[in-house]
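Just so you know, we're using our numbering here: the sequence shown kicks off at 981 and counts up by one.
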Amino acid sequence: MTSATSTELDVLGALLAFDFIGFAQKSAALDPTGPRYGQAVGVAFGLAARRRFPQGATPGEISGYVAGVLGSLDAGAEDFDPAFLEGLVAAGLDEGSAPGGEHPDPETTIQARLVLTLRMVRELGLDADRQRELLAETADRLAA
């Protein structure tokens, strides 16, 4: 695992722990021009999406989920286009494919995945230990 992916996992871990100061500090170390930028967050997002929708989801279910997220007052969620978020969720559910649904701006993609991952982790009721397991599984997949 590269230091960039490790930093992304630190950023996600801080967000999940509601450590917003750590999140801001660690986020500042990310390089949006790096070749693997967003990869670790994309893998973690896919894992969370497949746990949230273990049987998969139809386009209508994904659309309804995104509408719920956008209507929930989750910080920052309202800044995203619904079709873009739907594409991210659909791509995240497809384990066999590379992460998809990216926005032309990689920072927008990583921000959306962070917001959605936080939402899914909360919905799944993952405590601190299970959050660490999610991050460890992400690291394992990145190392493979």
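We put the CB at the ideal spot given by N, CA and C, even for glycine.
- Taking Arg1032 as reference, the option from Val1069, Thr982, Ala984, Gln1091 with the minimal CA-CA separation is Val1069.
- Residues of the same chain with a CB within less than 7 angstroms of the CB of Thr982, apart from the 5 flanking positions on each side, are Arg1016 in chain order.
- DSSP, reduced to helix, strand and coil, places Arg1016 outside both helices and strands of the structure shown, so it counts as coil.
- Restricting attention to Gly1036, Leu996, Ile1090, Gly1026, the CA atom closest to the CA of Asp1011 is found in Ile1090.
- Counting other Cβ atoms within 10 Å of its Cβ, Arg1102 stays below 16 and is therefore classed as exposed.
- For Pro1034, no alpha helix (DSSP H) run applies, since DSSP gives it neither H nor E.
- A straight line joining the alpha-carbon of Val1021 with that of Glu1066 spans about 17 angstroms.
- Between Gly1002 and Ala1029, the CB-CB gap reaches or exceeds 8 angstroms.
- Per DSSP, the continuous alpha helix (DSSP H) segment holding Ala1123 begins and ends at 1108-1123.
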